[in-house]
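Residue numbers (this note's numbering): 11 to 271.
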(Lines of atoms letter the chains of each structure in order from A and count residues from 1; the text may use other names and numbers.)
(Lines give C-alpha, C1' and ligand atoms only; values in the text may rest on other atoms or scores of the structure.)
Protein backbone atom coordinates (compact mmCIF):
# COMPACT_ATOMS: atom_id res chain seq x y z
CA UNK A 1 0.00 0.00 0.00
CA UNK A 2 1.18 3.57 -0.64
CA UNK A 3 2.62 5.15 2.48
CA UNK A 4 2.94 8.80 3.49
CA UNK A 5 4.60 9.98 6.69
CA UNK A 6 4.42 13.55 7.96
CA UNK A 7 5.94 15.21 10.99
CA UNK A 8 6.36 18.74 12.28
CA UNK A 9 7.23 20.79 15.32
CA UNK A 10 7.34 24.48 16.08
CA UNK A 11 7.96 27.21 18.61
CA UNK A 12 6.16 30.45 19.36
CA UNK A 13 7.36 33.41 21.37
CA UNK A 14 5.47 36.54 22.39
CA UNK A 15 7.71 39.56 21.83
CA UNK A 16 5.27 41.97 23.39
CA UNK A 17 3.60 44.94 21.69
CA UNK A 18 1.22 42.45 20.02
CA UNK A 19 4.08 40.77 18.13
CA UNK A 20 4.52 36.98 17.92
CA UNK A 21 7.41 35.16 16.29
CA UNK A 22 7.00 31.55 15.17
CA UNK A 23 9.46 28.95 13.87
CA UNK A 24 8.22 25.66 12.38
CA UNK A 25 9.74 22.59 10.75
CA UNK A 26 7.66 20.43 8.39
CA UNK A 27 8.75 17.09 6.97
CA UNK A 28 7.06 14.64 4.63
CA UNK A 29 8.10 11.32 3.13
CA UNK A 30 6.12 9.32 0.59
CA UNK A 31 7.00 5.78 -0.48
CA UNK A 32 5.35 2.96 -2.44
CA UNK A 33 3.46 5.52 -4.50
CA UNK A 34 1.62 4.33 -7.60
CA UNK A 35 3.71 5.73 -10.46
CA UNK A 36 3.01 4.17 -13.88
CA UNK A 37 5.06 6.98 -15.45
CA UNK A 38 8.15 5.44 -13.81
CA UNK A 39 7.77 2.09 -15.52
CA UNK A 40 8.82 0.99 -18.98
CA UNK A 41 9.04 -2.75 -18.45
CA UNK A 42 9.57 -3.53 -22.13
CA UNK A 43 12.71 -1.42 -22.51
CA UNK A 44 15.79 -3.29 -23.71
CA UNK A 45 18.37 -3.70 -20.96
CA UNK A 46 21.26 -1.22 -21.45
CA UNK A 47 23.67 -4.15 -21.06
CA UNK A 48 23.05 -4.77 -24.78
CA UNK A 49 24.25 -1.31 -25.83
CA UNK A 50 27.72 -2.66 -26.78
CA UNK A 51 25.98 -4.37 -29.71
CA UNK A 52 25.83 -0.91 -31.29
CA UNK A 53 24.28 -0.75 -34.76
CA UNK A 54 23.53 -4.46 -34.63
CA UNK A 55 20.52 -3.53 -32.49
CA UNK A 56 18.95 -1.87 -35.52
CA UNK A 57 19.50 -4.81 -37.87
CA UNK A 58 16.77 -7.26 -38.81
CA UNK A 59 16.75 -10.45 -36.78
CA UNK A 60 17.18 -12.46 -40.01
CA UNK A 61 20.21 -10.48 -41.18
CA UNK A 62 23.61 -12.07 -41.60
CA UNK A 63 24.99 -9.89 -38.77
CA UNK A 64 22.30 -11.10 -36.36
CA UNK A 65 22.86 -14.72 -37.28
CA UNK A 66 26.63 -14.31 -36.88
CA UNK A 67 26.08 -12.88 -33.39
CA UNK A 68 23.82 -15.82 -32.47
CA UNK A 69 20.85 -13.57 -31.65
CA UNK A 70 17.94 -15.90 -30.87
CA UNK A 71 14.64 -15.49 -32.69
CA UNK A 72 12.10 -15.05 -29.86
CA UNK A 73 9.21 -16.90 -31.54
CA UNK A 74 8.37 -18.41 -34.94
CA UNK A 75 7.52 -15.83 -37.56
CA UNK A 76 9.23 -12.93 -35.78
CA UNK A 77 10.67 -10.50 -38.33
CA UNK A 78 11.60 -7.43 -36.28
CA UNK A 79 14.87 -5.82 -35.28
CA UNK A 80 17.47 -7.27 -32.95
CA UNK A 81 16.47 -4.68 -30.35
CA UNK A 82 12.82 -5.74 -30.57
CA UNK A 83 13.88 -9.36 -30.17
CA UNK A 84 15.74 -8.47 -26.97
CA UNK A 85 12.69 -6.96 -25.29
CA UNK A 86 11.24 -8.87 -22.34
CA UNK A 87 8.01 -9.18 -24.36
CA UNK A 88 9.10 -8.93 -28.01
CA UNK A 89 5.54 -9.30 -29.26
CA UNK A 90 4.66 -5.89 -27.73
CA UNK A 91 5.96 -2.33 -27.89
CA UNK A 92 6.13 -0.04 -24.84
CA UNK A 93 4.53 -1.48 -21.70
CA UNK A 94 3.83 0.34 -18.45
CA UNK A 95 2.40 -0.93 -15.19
CA UNK A 96 -0.64 0.88 -13.83
CA UNK A 97 0.13 -0.58 -10.39
CA UNK A 98 3.86 0.20 -10.26
CA UNK A 99 4.35 1.23 -6.61
CA UNK A 100 7.82 2.69 -7.11
CA UNK A 101 7.21 6.40 -6.62
CA UNK A 102 8.97 8.12 -3.72
CA UNK A 103 9.53 11.68 -2.55
CA UNK A 104 10.58 13.71 0.47
CA UNK A 105 10.02 17.28 1.61
CA UNK A 106 11.78 19.27 4.32
CA UNK A 107 10.93 22.86 5.09
CA UNK A 108 11.63 25.52 7.67
CA UNK A 109 9.03 28.25 8.19
CA UNK A 110 9.64 31.56 9.95
CA UNK A 111 6.71 33.84 10.81
CA UNK A 112 6.27 37.25 12.36
CA UNK A 113 2.70 38.22 13.21
CA UNK A 114 1.18 41.37 14.69
CA UNK A 115 -2.22 40.99 16.26
CA UNK A 116 -4.86 43.51 15.25
CA UNK A 117 -4.51 46.61 17.37
CA UNK A 118 -4.94 50.31 16.71
CA UNK A 119 -6.38 49.49 13.32
CA UNK A 120 -3.38 47.54 12.03
CA UNK A 121 -2.34 43.90 11.70
CA UNK A 122 0.16 42.01 9.56
CA UNK A 123 1.80 38.64 9.09
CA UNK A 124 4.99 37.76 7.23
CA UNK A 125 6.35 34.30 6.56
CA UNK A 126 9.46 32.91 4.91
CA UNK A 127 9.79 29.26 3.90
CA UNK A 128 13.09 27.60 3.04
CA UNK A 129 12.47 24.10 1.69
CA UNK A 130 13.48 21.30 -0.63
CA UNK A 131 11.31 18.70 -2.39
CA UNK A 132 13.21 15.81 -3.92
CA UNK A 133 12.26 12.44 -5.35
CA UNK A 134 11.79 10.48 -8.54
CA UNK A 135 11.07 13.37 -10.85
CA UNK A 136 9.43 12.04 -14.00
CA UNK A 137 6.32 13.92 -15.15
CA UNK A 138 3.58 11.89 -16.77
CA UNK A 139 1.29 12.76 -19.64
CA UNK A 140 -2.10 11.16 -20.07
CA UNK A 141 -3.04 10.60 -23.69
CA UNK A 142 -5.21 8.34 -25.80
CA UNK A 143 -2.67 5.55 -25.44
CA UNK A 144 -2.50 5.76 -21.64
CA UNK A 145 0.35 7.07 -19.53
CA UNK A 146 3.41 8.35 -21.35
CA UNK A 147 6.59 9.35 -19.58
CA UNK A 148 10.05 10.86 -19.84
CA UNK A 149 11.86 7.99 -18.17
CA UNK A 150 15.51 7.71 -19.17
CA UNK A 151 16.27 4.18 -17.98
CA UNK A 152 13.80 1.73 -16.47
CA UNK A 153 16.70 -0.35 -15.15
CA UNK A 154 18.24 2.53 -13.18
CA UNK A 155 15.59 4.60 -11.43
CA UNK A 156 18.20 6.20 -9.16
CA UNK A 157 19.15 8.58 -11.96
CA UNK A 158 15.57 9.88 -11.95
CA UNK A 159 16.00 11.22 -8.42
CA UNK A 160 16.20 15.00 -8.51
CA UNK A 161 14.42 18.15 -7.42
CA UNK A 162 10.69 17.71 -7.96
CA UNK A 163 8.88 19.84 -10.51
CA UNK A 164 7.05 21.73 -7.74
CA UNK A 165 10.17 22.47 -5.67
CA UNK A 166 10.29 26.11 -4.51
CA UNK A 167 13.35 26.62 -2.28
CA UNK A 168 12.49 30.15 -1.16
CA UNK A 169 9.08 31.75 -0.64
CA UNK A 170 8.19 34.97 1.17
CA UNK A 171 4.59 36.03 1.83
CA UNK A 172 3.31 39.16 3.55
CA UNK A 173 -0.26 40.21 4.24
CA UNK A 174 -1.63 43.20 6.12
CA UNK A 175 -4.75 45.18 6.90
CA UNK A 176 -4.91 48.82 7.97
CA UNK A 177 -7.98 50.79 8.96
CA UNK A 178 -7.62 54.36 7.74
CA UNK A 179 -7.82 56.90 10.56
CA UNK A 180 -10.36 59.10 8.81
CA UNK A 181 -14.02 59.83 9.25
CA UNK A 182 -14.08 60.01 13.02
CA UNK A 183 -15.79 63.37 12.99
CA UNK A 184 -19.51 63.78 12.52
CA UNK A 185 -21.33 64.84 9.44
CA UNK A 186 -20.65 64.05 5.82
CA UNK A 187 -16.96 63.27 6.38
CA UNK A 188 -17.87 60.40 8.67
CA UNK A 189 -20.36 59.09 6.13
CA UNK A 190 -17.87 59.22 3.24
CA UNK A 191 -14.54 58.42 4.90
CA UNK A 192 -15.34 56.14 7.84
CA UNK A 193 -14.55 52.39 7.89
CA UNK A 194 -12.17 52.35 4.91
CA UNK A 195 -9.34 49.82 5.07
CA UNK A 196 -6.28 49.01 3.01
CA UNK A 197 -5.15 45.40 2.73
CA UNK A 198 -2.82 43.40 0.58
CA UNK A 199 -1.09 40.10 0.01
CA UNK A 200 2.38 39.95 -1.54
CA UNK A 201 4.24 36.79 -2.53
CA UNK A 202 7.81 36.48 -3.76
CA UNK A 203 9.29 33.08 -4.49
CA UNK A 204 11.93 31.17 -6.41
CA UNK A 205 11.09 29.74 -9.81
CA UNK A 206 10.37 26.08 -10.50
CA UNK A 207 13.16 23.76 -11.70
CA UNK A 208 13.73 23.23 -15.40
CA UNK A 209 13.86 19.70 -16.76
CA UNK A 210 16.11 19.43 -19.79
CA UNK A 211 15.91 16.60 -22.29
CA UNK A 212 17.11 15.83 -25.80
CA UNK A 213 16.29 13.54 -28.70
CA UNK A 214 16.78 9.90 -27.83
CA UNK A 215 19.70 8.46 -29.79
CA UNK A 216 19.65 4.97 -28.27
CA UNK A 217 17.94 2.01 -29.99
CA UNK A 218 16.80 0.35 -26.74
CA UNK A 219 13.31 1.90 -26.56
CA UNK A 220 14.02 4.09 -23.54
CA UNK A 221 11.86 7.18 -23.52
CA UNK A 222 14.32 10.09 -23.42
CA UNK A 223 17.90 11.16 -22.87
CA UNK A 224 19.16 14.03 -20.74
CA UNK A 225 22.19 16.01 -21.89
CA UNK A 226 25.43 16.30 -19.93
CA UNK A 227 26.66 19.70 -18.72
CA UNK A 228 30.12 20.45 -20.08
CA UNK A 229 32.77 21.04 -17.44
CA UNK A 230 33.20 24.74 -16.69
CA UNK A 231 30.28 25.80 -18.90
CA UNK A 232 27.54 28.12 -17.68
CA UNK A 233 24.13 26.50 -18.33
CA UNK A 234 22.37 29.88 -18.11
CA UNK A 235 22.11 32.10 -21.17
CA UNK A 236 23.03 35.21 -19.18
CA UNK A 237 19.91 37.16 -20.11
CA UNK A 238 18.36 39.12 -17.29
CA UNK A 239 14.65 38.88 -16.53
CA UNK A 240 14.09 42.35 -17.97
CA UNK A 241 15.86 41.49 -21.25
CA UNK A 242 14.30 38.07 -21.79
CA UNK A 243 11.77 38.06 -24.63
CA UNK A 244 10.42 34.71 -25.93
CA UNK A 245 9.01 36.57 -28.92
CA UNK A 246 12.58 37.21 -30.06
CA UNK A 247 13.51 33.53 -29.65
CA UNK A 248 15.48 34.21 -26.49
CA UNK A 249 16.53 31.20 -24.44
CA UNK A 250 16.89 30.80 -20.70
CA UNK A 251 19.56 28.14 -21.11
CA UNK A 252 22.86 28.15 -22.98
CA UNK A 253 22.60 25.31 -25.51
CA UNK A 254 26.37 25.33 -26.01
CA UNK A 255 26.85 24.25 -22.38
CA UNK A 256 25.34 20.81 -23.00
CA UNK A 257 26.44 17.72 -24.90
CA UNK A 258 24.92 14.38 -25.79
CA UNK A 259 25.75 11.67 -23.23
CA UNK A 260 26.25 9.16 -26.03
CA UNK A 261 28.53 11.31 -28.19
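Glycine included, C-beta positions come from ideal geometry on N, C-alpha and C.
Remember, it's a predicted structure, so these values are computed and weren't measured experimentally.
(request) Check whether the segment 179-189 touches the segment 217-237, taking contact to mean three or more Cβ pairs, one atom from each stretch, closer than 8 Å. (result) no
(request) Please report the residue range of the alpha helix (DSSP H) in which residue 72 lies. (result) 72-76
(request) Please report how far the alpha carbon of residue 24 lies from the alpha carbon of residue 30, in whole angstroms. (result) One C-alpha to the other measures close to 5 Å.
(request) If I'm right that residue 189 touches residue 235 with Cβ under 8 Å, what's the distance once you round it to whole angstroms? (result) No, residue 189 and residue 235 are not in contact; Cβ-Cβ is about 60 Å, not under 8 Å.
(request) Take residue 64 as the anchor and find which of 160, 239, 44 and 78 has the nearest alpha-carbon. (result) 78
(request) Give the straight-line distance between the Cα atoms of residue 150 and residue 124, rounded to the nearest whole angstrom. (result) Since pLDDT at residue 150 reaches only 45, below the 50 mark, its modelled position is unreliable, and no value is offered.
(request) Report all residues from its chain with a CB closer than 6 Å to the CB of residue 11; omit the five preceding and five following residues, and keep chain order. (result) none
(message) Using C-beta distances below 8 Å, list every residue in its chain close to residue 213, excluding the 5 sequence neighbours before and after it, in chain order.
(response) 176, 178, 179 and 180
(message) In whole angstroms, give me the CA-to-CA distance for residue 331 and residue 217.
(response) Given a span of 11 to 271 for the chain in the structure shown, any question on residue 331 remains unanswerable.
(message) Could you check whether residue 172 and residue 108 sit closer than 9 Å to each other, using their CB atoms as the reference points?
(response) Cβ atoms of residue 108 and residue 172: not closer than 9 Å.
(request) Quick one: measure Cβ to Cβ for residue 86 and residue 93, integer angstroms, because I've assumed they're closer than 8 Å. (result) 6 Å
(request) Count the other CB atoms, across all protein chains shown, that sit within 10 Å of the CB of residue 75; report buried if there are 16 or more and exposed otherwise. (result) Burial state of residue 75 is exposed, judged by a 10 Å Cβ sphere holding fewer than 16 other Cβ atoms.
(message) For the alpha helix (DSSP H) containing residue 93, name the first residue and the last one.
(response) 90-93
(request) Compare the Cα-Cα distances from residue 52 to each of 106, 267, 101 and 118 and report the closest residue. (result) 101
(message) Tell me the rounded alpha-carbon separation between residue 267 and residue 208.
(response) 47 Å
(request) Pull up the distance between the alpha-carbon of residue 250 and that of residue 136, whole angstroms please. (result) 25 Å
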